[in-house]
Structure formats: structure tokens, C-alpha cells
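Asks: The sequence shown begins at 1 in full-length UniProt numbering and counts up by one. Using N, Cα and C, we set each Cβ at its ideal position, and we do this for glycine too. All values derive from a computational prediction rather than experimental measurement.
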Amino acid sequence: MKLADLKKNGHAPSLFASFLYFDVSFVIWVLPGALGVYITNDFGLSPAEKGL
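Now the structure itself:
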């Protein structure tokens, strides 16, 4: 398979939009986990509340 064949098939803006959507979704799911310690301290959550 050649690169030129890949450029002929598909729709580049749709591919770009899907990658952008995936990146944004990934950030939305990962950042709260990484910031969990700071969120717990700011809101004064107990370990049980943090687990939820």
C-alpha cells in the first residue's frame, strides 16, 4: 500500500476531527485522575468520598 493510495481514500477533515475528539476526550478522562490529590485536599474529601 502506498501513501498516495491512502490520500485518495477517506476524508481528511473527518480524520482530523476524530483525532481531535479523541485527544480532548482523553484529556477529560485523564486529568481528573492526575489532579485527584489536589482536588481531594481542596474539597477536604475523606478516603471513602475520594473513591467514589
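Hey, could you find the ends of the alpha helix (DSSP H) L31 is sitting in?
Replies: 12 to 34
Asks: If you follow the alpha helix (DSSP H) that K50 is part of, which residue opens it and which one closes it?
Replies: 47 to 51
Asks: From D42 to G36, what does the alpha carbon distance come to, in whole angstroms?
Replies: Approximately 10 Å between the Cα atoms of the pair.
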